[in-house]
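Read through the structure below, which is laid out as C-alpha cells, and then see the notes.
Chains as they are written, first to last, in this note's numbering: chain A, 29 to 742; chain B, 909 to 1041.
So, in C-alpha cells, the structure goes:
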C-alpha cells in the first residue's frame, strides 16, 4: 500500500504542475478551455490527495506497520481517536495535511468564481497550483508520508503522550486550515496585480476565505493555549514561544487586512496597503509552517533538525521577492481613488487600528527572530523574554481594544463634533462606572494597565451593544415588529456588520480574561505529604491521600486534594502524573514502566471569577530500590507476572507515599478567555453566513441562465 | 491649513512615531536580551551576576532531586564540557536525561543558579530514538 500512496503523490505532483502550465496558457492565449482544464486539474488534485489521506488513515486504523509513519507515532493499543489524528504529529503527515487542505480550499474558491473574473482567475489558479506544486515536490522528493518499512515490527512507538489531549488533536488542523486558507486571497491578489484589475473585485470574491482563514487561526491559537493550560504542568496559556508567535503574527496582520479591505471596498483607498498586507499575511503563514519544521529558533515545539527548512526559506524568498516586484511595477494602478476626509471617520480609525496591529506583529516578529538578529549583529545569540514582549504588546493591545469600540461608533467619511458627544457619552459613562467599581470592590488598583484595559473593554462592549440597540429600536419603529423579531431582523439584514461587532465583543471579553489572569494570579509551589495542607490566595488545599491508577497503557500517580475556603469545601481536585512505558528495555523490564515519558494531568476547578489550578510531581525515589531488585527477577518472567509486580510496586508507593511537589494557582477570570473565544467564533459565523439576499440572487441568476440556455436551444 | 500641508504633517508625525517605536524596540531588545551560551562558553569565562541563557543536553546520570530543588548538569550539544545547574520551579513534562534543554540564570562560583520556572525542554518528535543517542 505504501507504493500505491507514493504513486498517488507522484500523480498529484504531475497534476499540480499541469494546473500551473494550463492556467498560464489559458491566460496568455485567452483560451477558456485551458483555464477550465486547469481548474479541473485542481479538482483532480483534491481527489487524489483525498485518496492519499484515506490510504494513510486506513493504515493507521489497521495498525499497518509496513508504513514508517504508523510505526513512528501509533501503536495497536493507541485509542482509535488518536490513531485517526496521529497523522499530523509527524512532519510528513502534517505537510500532506497542508496540501490536502490547500487543494480543497482552492477547489472551492475556483468553483465559486468559475463564471467570474475571467482575467484574474487564470493567474490565481496558476499561483494556487504553484503553491501545491511546492508541497508536492516536498512530499515526493524530501519527506514521504509513505515510507515503506521492509521488516515491519510487531508494535509501533505510540503517539507522544504529551500530544494525547483532545484539543491538541484539533489544534494542528485548525491552525493549518488558517494558514492554508490565506493562500486564496493571496492568489487572487497576485492575479489582480498581474492583470491590473485592481478594483475591489478580487477582495469581494475572496473576502469570505480571508474570514474563514482568520477564524480558523483564532480557534487554532486558542486551542493551543487551552492545551498548554490544561496539559502542560506549568499553569500558563501563553509563553511567547516562537511557534506560538508564529501563529499569532499572520492572525494579527490578517486582522488588519480584514479591516482595511473594507476601506477599499467602500472608499477605494489603501490599495497598496491591502495587497501588501495579504502578501505579508501569506508569507507569515508560510513562515509559521517553516518555524515549526526548521529548528532555527529554540522552541519547545521545534521538532528536531529537519531537512525541509531550506526549502521553506527558498519559498518564502520567492514569494516575497516576486510579490514586492509585482507591487512596485503596478504602483501606478494602485493609486487611491480618494483621500481621508477627516480623522473622526471610520476609515481613519481603521487606519489607526491597522497601524497598531502591524506594529504589534512587528514587535512579535522582532522578539521572535531576535536570536537570529542579534547573532547577525553582535555575533552572540541572545534572546528576549516575556517581560520584553509584555512591555510593547500590553499598551498596543490596550489601544486596540479602545479602537474596537471607537470604530463601530463612527460613520464613514466624517462625524461632526455634536455627533461625537452624543455617540460617546453613554459608553464613556459605562467605562467610568466599571473603573470606579473595579477600584472600590477589588484590588485591581495595583495594576494600572489592567484597570485601563478593563475601562476600554467596558467602553467597547457597551459601545457595540448600544449601537446594536439603536439599530433594533430604529427597526421596530419603521417595521413595527415585536422586539425579538426586530433584534433578529437587524442582524439578518447586515450579518457582516453585526457579526463583526460580536467579534469585537468577544475579543474584548477574552482580553479582559487575559488581563485579569496575568495581573492577579497567585501561584505557590509547595511540598506536601499526605495530610499536609497549604494556603494559596485564601484557599486551603489539603493533600488527603495519594492515588494510583493502572489503565490506558500508563501508570498514573496522583493526589486527592480537598480545597476549602473559609472552612467550607469548594471542591475536590485530583491532579496526577501519568507515566507511559518507554519503548526500549534499557531501564529494565520494570523500570521502563516508571521511567518513560510522563505527562501532568492537571486538577482544575473552573469558575466565572477564578480557576483553582493544581498540578503534582510525585516523588518516585522510594521505588528505586524495589525497581532495581524487581528488574533482576522480572527479566525471565511472563508479562502477566510482570503486571502483578507493577501493581505491587504501585501499591507500595500508595502505602508509604513520600511528600510530593505541588503547584497551586488561583487564577482569576481565565474562563473569560475561552468564553470570549466562543463569542468571537459565533460572530465570525454570523458574518460568514450567506445573507438571504445574495443566496436568493444566486438562485435566480442560475434559473435565469438555465432559461436563457433553453431559449437559445429552442 | 491647506489639506496637502495637513497630510504632510500627519505623515511626518506617523513616521516619527514609527521611528521612535523602532528605536525603542532595537534599544530595549539589545539591552534586555540574555545571551545564549553553551556550557563550554561559561566554563571558559562568565561574568558573575550577568544573566545567561544556557542551552545544551542534560548529562546522563546527573539528575538529582532534593525537595524542591532540582540539580543536574548541562553539557554541550556536541562536546563533553558541562556546568552544574541548580533549579527550582516547574519541571516540563519531557524533561529527561539526554534531552535538549534551555534554562535561564546566573553563574555563582561555578554553579549555574537558574531562575524559577525558566526551564524549557524541547519536544522530541520520535521518542523511540531517545536511547540510541
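Note that the Cβ used here is the ideal one computed from N, Cα and C, for glycine as well. In this text the structure is predicted, and so the values were computed from the model without any measurement.
Own chain partners of residue i with C-beta closer than 7 Å, once the 5 adjacent residues on each side are dropped
i, result
"residue 1022 of chain B", "993, 994, 995, 1011, 1012, 1013"
"residue 283 of chain A", "242, 385"
"residue 645 of chain A", "605, 688, 689"
"residue 588 of chain A", "572, 573, 575, 600, 602"
"residue 432 of chain A", "488, 532, 535, 536"
"residue 941 of chain B", "none"
"residue 678 of chain A", "576, 578, 583"
"residue 1041 of chain B", "Low local confidence applies: a pLDDT of 25 at residue 1041 of chain B is under 50, so the model's placement there is unreliable, with the coordinate-based value given in what follows. 1006."
"residue 416 of chain A", "395"
"residue 67 of chain A", "138, 142, 153"
Exposure label - residue i; buried when at least 16 CB within 10 Å
i, result
"residue 910 of chain B", "exposed"
"residue 625 of chain A", "buried"
"residue 86 of chain A", "exposed"
"residue 974 of chain B", "exposed"
"residue 57 of chain A", "exposed"
"residue 946 of chain B", "buried"
"residue 501 of chain A", "exposed"
"residue 596 of chain A", "exposed"
"residue 396 of chain A", "buried"
"residue 499 of chain A", "buried"
"residue 939 of chain B", "exposed"
"residue 636 of chain A", "exposed"
"residue 457 of chain A", "exposed"
"residue 913 of chain B", "exposed"
"residue 1038 of chain B", "Caution is warranted here: a pLDDT of 31 is assigned to residue 1038 of chain B, below 50, making its placement in the model unreliable, and the coordinate value is therefore given only provisionally. Looking at its Cβ environment, which holds 16 or more other Cβ atoms inside 10 Å, residue 1038 of chain B is buried."
Chain-order list of residues whose beta-carbon lies under 8 Å from that of residue i (same chain, five-residue window excluded)
i, result
"residue 124 of chain A", "77, 80, 81, 84, 115, 167, 173"
heavy atom of the ligand NAP below 7 Å from residue i C-beta
i, result
"residue 236 of chain A", "This structure does not include the ligand NAP; it has no bound ligands of any sort."
Identity of the residues DSSP links to residue i by a beta bridge
i, result
"residue 1014 of chain B", "B:959, B:1021"
"residue 641 of chain A", "A:632, A:693"
"residue 597 of chain A", "A:592"
"residue 990 of chain B", "B:983"
"residue 996 of chain B", "B:977"
"residue 587 of chain A", "A:574"
"residue 95 of chain A", "A:176"
"residue 357 of chain A", "Paired residues: none, contrary to the question."
"residue 1008 of chain B", "B:965"
"residue 309 of chain A", "Answer is none; residue 309 of chain A lacks a bridge partner."
"residue 688 of chain A", "A:556"
"residue 410 of chain A", "B:943"
Enclosing alpha helix (DSSP H) for residue i [first to last residue]
i, result
"residue 150 of chain A", "148-165"
"residue 445 of chain A", "445-469"
"residue 970 of chain B", "Here residue 970 of chain B belongs to no alpha helix (DSSP H), and DSSP marks it neither H nor E."
"residue 954 of chain B", "Taken as a continuous stretch (DSSP letters only), residue 954 of chain B belongs to no alpha helix (DSSP H), as it is neither H nor E."
"residue 418 of chain A", "414-437"
"residue 272 of chain A", "270-295"
"residue 83 of chain A", "60-90"
"residue 406 of chain A", "374-406"
"residue 298 of chain A", "From DSSP, residue 298 of chain A is part of no alpha helix (DSSP H); its letter is neither H nor E."
"residue 362 of chain A", "From DSSP, residue 362 of chain A is part of no alpha helix (DSSP H); its letter is neither H nor E."
Cutoff 6 Å; reference residue i; Cβ partners in own chain excluding five residues on either side
i, result
"residue 44 of chain A", "73, 157, 160, 161, 164"
"residue 551 of chain A", "693"
"residue 358 of chain A", "221"
Run of the beta strand (DSSP E) containing residue i, from where it starts to where it stops
i, result
"residue 575 of chain A", "567-579"
"residue 556 of chain A", "550-556"
"residue 945 of chain B", "942-945"
"residue 607 of chain A", "604-607"
"residue 564 of chain A", "561-564"
Nearest-angstrom beta carbon gap, residue j and residue i [assumed within contact, 8 Å]
i, j, result
"residue 998 of chain B", "residue 691 of chain A", "6 Å"
"residue 218 of chain A", "residue 131 of chain A", "Incorrect: roughly 18 Å between the Cβ atoms, too far for contact."
"residue 297 of chain A", "residue 366 of chain A", "6 Å"
"residue 281 of chain A", "residue 312 of chain A", "6 Å"
"residue 478 of chain A", "residue 547 of chain A", "4 Å"
"residue 12 of chain A", "residue 209 of chain A", "The structure shown does not extend to residue 12 of chain A, since chain A spans only 29 to 742, so no value can be given for it."
"residue 622 of chain A", "residue 651 of chain A", "6 Å"
"residue 154 of chain A", "residue 69 of chain A", "In fact, because the Cβ distance is near 11 Å, the residues do not count as touching under 8 Å."
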